[in-house]
Each structure stands twice: as structure tokens, then as C-alpha cells.
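Engineer:
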Amino acid sequence: MFNGFFSIPEPTNEPVLSYAPGTPERTELKARLQEMLDHPVEVASIIGGKEVRSGDVVEMRCPHNRSQVLGAYHRANAQHAEMAIAAANEAKREWSRM
Numbered sequence: 352m353f354n355g356f357f358s359i360p361e362p363t364n365e366p367v368l369s370y371a372p373g374t375p376e377r378t379e380l381k382a383r384l385q386e387m388l389d390h391p392v393e394v395a396s397i398i399g400g401k402e403v404r405s406g407d408v409v410e411m412r413c414p415h416n417r418s419q420v421l422g423a424y425h426r427a428n429a430q431h432a433e434m435a436i437a438a439a440n441e442a443k444r445e446w447s448r449m
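My numbering puts the first residue of the sequence shown at 352, with every later residue one more than the last.
1. Locate the alpha helix (DSSP H) running through Asn440, then write down its first and last residues.
2. Please name the residue in Lys381, Pro366, Val367 whose C-alpha comes closest to that of Gly373.
3. Classify Arg426 as helix, strand or coil using the three-state DSSP reduction.
4. DSSP puts Met411 in a beta bridge; with which residues?
5. Assess contact between the segment 395-403 and the segment 433-441, defined as three or more Cβ pairs (one per stretch) separated by less than 8 Å. Is contact present?
6. Given Gly406, which residues of its chain have a CB within under 8 Å of its CB, disregarding the five upstream and five downstream residues?
7. DSSP three-state label for Glu361, please.
8. Please name the residue, chosen from Pro360, Gly355, Gly422, Glu365, that lies closest to Ala395 on a Cα-to-Cα basis.
9. According to DSSP, is Arg404 helix, strand or coil?
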């Protein structure tokens, strides 16, 4: 039995932005994309809360312009998958005690 009073807010949709030429959202998006192109990132896997870098690095490219490189990521391998499974099983043991 519930004895509380609940007040659920009315859901609202996010505004639909057009990104048409000359709009503020398009200008902001293009500026952010340029910022990302100017400062490429290197992405490691996170396994058990620790960064894991395989050394097998693959470029991340813009889907709309494959000549633009946003950064690189370390490709995971079978050993990393085993490490992730072990970390997930350890986390499950801890979570089950909550």
C-alpha cells in the first residue's frame, strides 16, 4: 500500500532545431566541430574503472567527411573482453550486496 502523495511533472519534448544555414544552432555546431578537429582525442577502453590502451590504434573520422580525423581509439582484443567479463562479474557481486 502506498501512503505517499506523488506529483509527477508533465512531460515536455525538447525543442526541434532546424540547423538550417544561418541559424544559431548551426553556427554553434560548426564551431564545436572545428574545436574537436583542432584538438583530436585519444580514447582508451575503461575496464574495471581503469584505462586500458591496447596500442592497436584506429582513427575516428567524421561520418560526413571521411578526410577529417576527430581522434583515435584503442581497439580492444579478446584479452580485453575477458578482463571486462571478470570486472563485470566482480561488480555484480558487489551490487548484489546492496
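The C-beta atom is built at its ideal place from N, Cα and C for all residues, glycine as well.
Structural biologist: Concretely, from the data shown:
1. On the sequence shown, position 89 is the one that residue 440 refers to. Looking at the DSSP string, the run of the alpha helix (DSSP H) that includes Asn440 is 429-447.
2. Taking the sequence shown and counting its residues from 1, the one referred to as residue 373 is at position 22. Considering only alpha carbons, the answer is Lys381.
3. If you number the sequence shown from 1, residue 426 lands on position 75. Coil, per DSSP.
4. Position 60 of the sequence shown, counted from the start, is the residue given in the question as residue 411. DSSP lists Gly422 as partners of Met411.
5. yes
6. The residue labelled residue 406 in the question sits at position 55 within the sequence shown. Closer than 8 Å at the Cβ level, and outside the excluded window around Gly406, lie His425.
7. For the purposes of this step, residue 361 is taken as residue 10 along the sequence shown, with counting starting at 1. Residue state, collapsed to three classes: coil.
8. Here residue 395 corresponds to residue number 44 of the sequence shown, with the count starting at 1. Ranking the options by Cα distance to Ala395, first place goes to Gly422.
9. Numbered from its first residue, the sequence shown carries residue 404 at position 53. Note: Arg404 maps to coil in three-state DSSP.
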